[in-house]
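Asker: Next up is a structure, given as structure tokens.
Residue numbers (the working numbering): -12 to 85.
Structure (structure tokens):
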């Protein structure tokens, strides 16, 4: 079971960056097997850097929470190899390449 307080605190670490660009972020689901789903709103929905924001601070901070096995965002339209390379370039939490 994932501690929701820790999950919200981790998301809170990324939120100032997102709010500063006219967007926001919310956790939309937490599955029983530790998969956390997020959704970006506001200006983030049309931002060309949405994938970088997701892979960089958002996913990295959430993956630090004990029990989180994966973080997903339906708005990210990139394959596992591209996400893995981007995570490596950003020094973010490693993304498993398929």
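From the three backbone atoms N, C-alpha and C, an ideal C-beta is built for every residue, glycine too. None of the values given here were measured: they were computed from a predicted structure.
Below 8 Å on the Cβ atoms is my guess for residue 25 versus residue 13; work out the distance and round it to an integer in Å.
Answerer: 7 Å
Asker: Leaving aside the five residues before and after residue 83 along the sequence, list all residues of the same chain whose C-beta is less than 8 Å from its C-beta, in chain order.
Answerer: 67 and 71
Asker: If you draw a straight line from the C-alpha of residue 78 to the C-alpha of residue 9, how long is it?
Answerer: 25 Å
Asker: Following the continuous beta strand (DSSP E) through residue 20, name the residue where it begins and the one where it ends.
Answerer: First-last for residue 20: undefined, no H or E at that position.
Asker: Does the ligand SAH have a heavy atom nearer than 7 Å to the CB of residue 69?
Answerer: Within the structure as shown, the ligand SAH is missing, as the structure has no ligands at all.
Asker: Per DSSP, what kind of secondary structure is residue 26 in: helix, strand or coil?
Answerer: strand
Asker: Run the CB neighbour count on residue 49, radius 10 Å, all protein chains shown included, and call it buried at 16 or more, exposed below.
Answerer: Buried.
Asker: What residue range is occupied by the uninterrupted beta strand (DSSP E) comprising residue 55?
Answerer: Run containing residue 55: none; DSSP gives neither H nor E here.
Asker: So, residue 60 versus residue 6, is the Cβ gap smaller than 8 Å?
Answerer: no
Asker: Between residue 47 and residue 80, what straight-line distance do the alpha-carbon atoms span, to the nearest angstrom?
Answerer: 5 Å
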